[in-house]
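Scroll down for the structure; my scribbles are underneath it.
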Amino acid sequence: MHLPRPKPPRRRDDRIILHFDYDCFYAQVVENRQPALKSLPLGIKQKSILATCNYVARRRGVTKLMGISDAKKICPDLVLVDGEDLSTFRDVSKKLYHLLRSYSWNGKIERLGLDEVFLDVTDIVAYNVELLNPHALDQSFFCLSKLDPELGFSYDATAIAGCTHGSPPPADQRDEDFSMYLRLLAASHLARYLRLKIEEEGYTSACGISSNKVLSKLVGTVNKPRDQTAFLAFREEDIWSFMDAHNLRRIPGIGNRISSVLEAHILAAAPDPNFRSFEATVSAGRVRTHPDMSAPVLEKLLGGPGAEKGIGEKVWCLLHGVDNSPIKAASDIPTQISIEDTYQGLNDMAEIDRQLRLLSASLLRRMYIDLVEEVVENSASPQPSSTKRKRWLAHPKTIRLTTRPYFRADSGKPYNYARVSRSQQLPNFVFSFASAREVLVDKLVDEVLLPMFRGLNPATKDWNVGLLNVCVANMVVVGGENGGIGGGRDIGAMFRRQEDVLREFRVYDDDDGVDGVDEMRVDGTGDDAERDEEDSDAEPWEEDDRDGLECCARCGHLIPGFALIAHERYHDLEPV
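Quick note: the sequence shown uses the working numbering, first residue 211, plus one each step.
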């Protein structure tokens, strides 16, 4: 007796989401700095791995994450550029991010790595659909501002811009289908306009247009590079067939662990948690249509201690092309900044010292990119003049050092095996603009990081260090005009800051800011490190915040990270 098929999850079609993916982003950045490389096979390397490559190299058979020696055998004239320092890439990424954000009305824009951006354009698209004149669709005008009716661009609303996947609604369509079609049509012209603005900055991109994040991201890969695709799907069956054709591991939100467990269930084999290839043997459709598959079954397979709450329902929805996750509102300040690198067993203190200085230099560089801005001050003297000075947007309060021993990738140990951390207050000297960066790096290593390392690794030799991670966290937004935290406020400065913030939501120049991620890692582990399309460039190889133990600075005991604050309060209550 066959049980009835479970009901598919309900889909929301009330949003319009654009997904921008910059074509071979890292290679484009290098090519724009060295235009002579545009016609040559180009690879961005990190240590002995080819992190990514341009389309010229790909046409020659080179693939990203290939060993350098293998890539050179396939393409002897491959030009290699070192990409371990991502500062330049990060600067360009943030510049393009601020460009896109300047066209957002609701501030709902979310970055994925350095080369992808989600943009929720539901409000601006709905506004412009209401303005359509059915008697002059070919002479439509897309308004980019509610306050300035002349700010925008002309477009032909009789046809969708770019490519489409699927078919327009039938002649006897429902009103909601026709409304959705009009919104996708208007959004396609906005997407093309924004892609052209990005091209004016020197970068080509692909764009997917749909009603949620997973569909817009996947449909955007259909016509890469330098093109866009609107997903015209007005029947659930159309969406299911689109999702079913994808390899399970290429669906955003379904990473290595999940796909390994699901493949093992479908194939009745033992799961292989260390298998990291995108070339899974099971398609999304095979999982979705499996006779005993449902959200409760997925919860049973994937749930348990440490698993995301409701993971079964989430994966069940993704398999059906349903993704109600919101576009996170934009924030200028990261929650933390983390730099790490891996090694094949460091045992020499001089080399450990050198690596800590390299990581610290990268960390301070990242802090300056992410947390420092230039303020223009106008003089009130009879002869007006302006000066620029730097100020901190936020001060991280905590610095954390993390280490773990070296082990071979095929040892079967999880990435976080034996990973331990120690945290303490970040000293204020790092916020000085008067001292040279090199001086601050030396002081940070000598006075903070080396003592922390010795606390984590009390042995005098044989450390076998396989990973070092330096992180600053617990950001406190600067309140004082002079870069101090708290203190009195200057009313004039407050209004100047307000003007700076509001400028992000107005349509001014395309060049709307700078910023940019550092240090690359190619041993991408964990679901978040995984990429979903072969054609999309690798994300920054950074470690943000892995679960693990932290060492209490007072008693030396290893405490779970989430409990460290409570543990420190316990010490505060101890009798003196």
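Even glycine gets a Cβ: it sits at the ideal position worked out from N, Cα and C.
| Asked | Found |
| --- | --- |
| Given this structure, state the Cα-to-Cα distance separating LEU512 from SER377, to the nearest angstrom. | 36 Å |
| Which residues in the same chain as ASP672 place their Cβ atom closer than 8 Å to its Cβ, once the five residues preceding and following it in sequence are excluded? | ASN557 |
| Take every Cβ of the region 312-332, pair it with every Cβ of the region 219-237, and state whether three or more of those distances are shorter than 8 Å. | yes |
| Do you know offhand how far ALA474's Cα is from ASP382's? | 45 Å |
| Just to confirm before moving on: does the CB-CB distance between GLY531 and PRO615 stay below 7 Å? | no |
| Are the beta-carbon atoms belonging to LEU566 and LEU636 less than 7 Å from one another? | no |
| Would you mind listing the alpha helix (DSSP H) stretches within the region 460-523 that are 4+ residues and don't spill past its ends, in chain order? | 466-477, 494-498 and 505-512 |
| What residue range is occupied by the uninterrupted alpha helix (DSSP H) comprising ARG300? | 297-311 |
| From ALA604 to ARG498, what distance separates their C-alpha atoms? | 46 Å |
| Closest to HIS399 by CA distance: which of ASP366, SER421, THR414 and GLU411 is it? | ASP366 |
| Mapping the DSSP letters down to three states, classify SER249 as helix, strand or coil. | coil |
| Between TRP526, LYS538, GLU446 and TYR265, which has its C-alpha nearest LEU461's C-alpha? | Residue identity differs from the one stated: residue 461 is Ile in this sequence, not Leu. The option with the nearest alpha carbon to ILE461 is TRP526. |
| Do you know whose CA, among VAL240, THR431, LEU290 and PRO344, lies nearest SER297's CA? | VAL240 |
| Buried or exposed: TYR313, going by 16 or more other Cβ atoms within 10 Å of its Cβ? | buried |
| Touch check for the region 391-405 and the region 424-431: three-plus C-beta pairs under 8 Å? | no |
| Using 8 Å as the cut-off, can you tell me whether the region 348-358 makes contact with the region 319-330, which would need three or more C-beta pairs spanning the two stretches below that distance? | no |
| Quickly, what does DSSP pair LYS598 with across the bridge? List them, please. | VAL586 |
| In the DSSP assignment, the alpha helix (DSSP H) including TYR553 goes from what residue to what residue? | Not the alpha helix (DSSP H): TYR553 falls in the beta strand (DSSP E), residues 546-556. |
| If you count every other CB in all the chains shown that lies within 10 Å of the CB of LYS627, and 16 or more means buried, which is it? | According to the sequence shown, residue 627 is Tyr rather than Lys. Looking at its Cβ environment, which holds fewer than 16 other Cβ atoms inside 10 Å, TYR627 is exposed. |
| Within 10 angstroms of its Cβ, does LEU357 collect 16 or more other Cβ (buried), or is it exposed? | exposed |
| According to the neighbour-count rule (16 or more other Cβ atoms, all chains shown, within 10 Å of its Cβ), is THR491 buried or exposed? | exposed |
| Once the 5 residues before and after LEU218 are set aside, which same chain residues still bring their CB inside 7 Å of it? | Note on residue identity: the sequence assigns Pro, not Leu, to residue 218. Excluding residues within five positions, the ones whose Cβ falls inside 7 Å are GLU446 and HIS530. |
| Going by Cα to Cα distance, which pick from PRO379, THR374, LEU472 and SER470 is closest to ALA440? | THR374 |
| Give me the Cβ distance between ILE537 and SER572, rounded to the nearest whole Å; I'm assuming they're in contact under 8 Å. | About 29 Å; that fails the 8 Å criterion. |
| Buried or exposed for LEU606, please, with buried defined as at least 16 other CB atoms from any protein chain shown within 10 angstroms of its CB. | One detail in the question is off: residue 606 reads as Pro in this sequence, not Leu. Classification for PRO606: buried. |
| What do you reckon, are the CB atoms on ASP325 and PHE388 nearer than 7 Å? | no |
| Quick check: what's the CA-CA separation for ALA619 versus SER469? | 20 Å |
| Compute the Euclidean distance between the alpha carbons of PRO251 and ARG220, then round it to the nearest angstrom. | 46 Å |
| Report the CB separation of LEU569 from ASP551 in whole angstroms; it is logged as a contact under 8 Å. | 7 Å |
| Could you tell me the distance, in whole angstroms, from the CA atom of VAL688 to the CA atom of LEU581? | 10 Å |
| May I have the straight-line CA-CA distance separating ALA455 from ASP448, to the nearest angstrom? | 11 Å |
| So, for ARG172: in the same chain, excluding its five sequence neighbours on each side, which residues have a beta-carbon less than 6 Å away from its beta-carbon? | Past the boundaries of the shown model lies residue 172; the chain is included only from 211 to 786, so the question cannot be answered. |
| How would you call ASN422, buried or exposed, if buried means at least 16 neighbouring beta carbons within 10 angstroms? | buried |
| Who are the near neighbours of ASP233 in its chain, counting only those whose CB is closer than 8 Å to its CB and skipping five residues on each side? | TYR265, TYR413, THR414, SER415, ALA416, LYS434, PRO435 and ARG436 |
| Tell me the rounded alpha-carbon separation between GLU583 and VAL640. | 16 Å |
| Helix or strand or just coil, what does DSSP make of VAL688? | coil |
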